[in-house]
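To convert a position in the sequence shown, counted from 1, into the numbering used here, add 65.
Ideal Cβ placement from N, Cα and C applies to all residues, glycine included.
Small disclaimer: the values here were computed from a predicted structure and weren't measured.
Accompanying notes for the structure given below.
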Amino acid sequence: MYKFLSKLLLFTLQPELARSIVDFFLKREKIWEILSPVFEIRDSKLKVDLCGLKLNNPVGLAAGFDKNCELISPLSNLGFGYLVVGTVTENPKPGNPKPRIFRYLKEESLINSLGFPNNGLEHSARELEKIQFQLNRTSLITSVSGTSVNQIVRCHQRLEPLSNACEINISSPNTKGLKIFQEPSMLCNLIGKINESRSKPLLLKMTPYKHPKSNDDNKERDEVMELIKVCLANGVNGLTIANTRITKDARLSSGTGGLSGRLLFQDTIRMISEIKSEVGNKIDLNACGGIFTGQEAWEALQAGATTIQLYTGMIYVGPSVVKQINKDLIDLINKTKTQSLQSSLPQTRYTDTIP
66 MYKFLSKLLL FTLQPELARS IVDFFLKREK IWEILSPVFE IRDSKLKVDL
116 CGLKLNNPVG LAAGFDKNCE LISPLSNLGF GYLVVGTVTE NPKPGNPKPR
166 IFRYLKEESL INSLGFPNNG LEHSARELEK IQFQLNRTSL ITSVSGTSVN
216 QIVRCHQRLE PLSNACEINI SSPNTKGLKI FQEPSMLCNL IGKINESRSK
266 PLLLKMTPYK HPKSNDDNKE RDEVMELIKV CLANGVNGLT IANTRITKDA
316 RLSSGTGGLS GRLLFQDTIR MISEIKSEVG NKIDLNACGG IFTGQEAWEA
366 LQAGATTIQL YTGMIYVGPS VVKQINKDLI DLINKTKTQS LQSSLPQTRY
416 TDTIP
């Protein structure tokens with residue numbers, strides 16, 4: 066039904082207009098509360114532990130879908146193991162000039178140069194205060210960002226008490242000034258300041274890196290691994306691998322944007338596998354990029370991810386995507402003749418090159 070309506074209506078509209086229509090229907094909370102049993106699958110085989118959070122299943126919603134923390138109630142009825150809401154910045158931001166988002170329909174992908182449009186820290190805090198009773202049902206991770214250490218620290222301090230964990234976005238390709246935190250010394254300073262007051266799990270959303278053209282062309286990979294060393298040394302609990310991939314598109318007002326969707330899937334699996342081989346069990350990994358099906362989620366988990374995150378898959382497949390992925394994962398677990406998702410995954414292999 067969703068795919069039919071999408072092709073007939075939603076995908077004929079400009080993406081941001083189509084999204085406003087989706088938001089209108091999502092905000093009819095009673096409908097989604099009634100439909101909750103249709104979307105939710107409860108099976109102990111799917112339970113996982115992410116950074117100390119006990120999740121009913123490994124399927125999370127990626128940051129960016131619910132930018133203003135206004136859709137938590139309806140989204141929690143769609144069967145997710147956890148939600149990442151935001152990304153929230155200290156002050157309201159309009160985002161980058163339009164046009165700033167386009168579909169690649171054939172490839173089931175998107176490109177955006179949104180640039181963190183959101184209503185600001187206090188708006189999101191008020192929204193989170195309304196749904197505190199739901200934190201025990203669906204784990205909530207709040208994504209925050211900024212262009213200075215103090216901005217991010219203030220966001221973290223305000224929103225951490227209202228969340229189960231926080232994710233720091235240091236890797237959006239569409240926000241000027243954010244790249245300073247991709248310098249190890251700046252990232253170390255940022256995490257150190259956050260650690261002075263934090264009491265809950267902390268995750269970072271990392272930048273992607275290209276597949277090297279040769280064994281001697283590992284600069285981007287090496288830069289990401291240096292940042293991961295900083296995370297490990299400063300007690301970060303989890304990494305989301307990875308953010309959108311910067312790509313040129315002349316239709317965007319900025320000329321470049323972040324690519325998401327199926328076009329990223331193979332890169333996601335490669336990065337998860339490579340990073341897992343370096344860090345082992347020292348930090349949890351969330352696979353984010355191009356995952357639409359249970360088989361693809363299984364591949365990411367087999368490669369070393371603790372959970373997977375969706376965004377573009379939700380847009381192209383619809384609200385039933387979480388249920389279908391979880392159903393497929395149960396079938397795959399049963400085929401391995403093991404008792405749970407955790408026990409069906411391979412033993413960790415790692416080189417221990419990162420201290």
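With respect to the 7 Å criterion, E285 and Y274 are classified as neighbours on the basis of their beta carbons. P157 and N183 do touch by the CB rule: their CB atoms are close to 7 Å apart, below 8 Å. Here Q374 is bridged, per DSSP, to G125, C353.
When DSSP states are grouped into helix, strand and coil, E232 belongs to the strand group. One Cα belongs to I293, the other to G369, and the distance between them is close to 16 Å. Contact annotation: R310 and L324 have beta-carbon atoms nearer than 7 Å. CA-CA distance, A365 to V103, rounds to 26 Å.
Looking only at T371, Q360, G355, the smallest Cα-Cα distance to T377 is reached by G355. Per DSSP, the unbroken alpha helix (DSSP H) holding L292 starts and ends at 284-298. Around the C-beta of H221, 16 or more other C-beta atoms lie within 10 Å, and the residue is accordingly described as buried.
For G359, the enclosing alpha helix (DSSP H) covers residues 359-368. In the DSSP assignment, L175 falls within the beta strand (DSSP E) that extends over 174-177. With respect to M251, I245 sits close: the two C-beta atoms are nearer than 7 Å. T312 is bridged by DSSP to G322.
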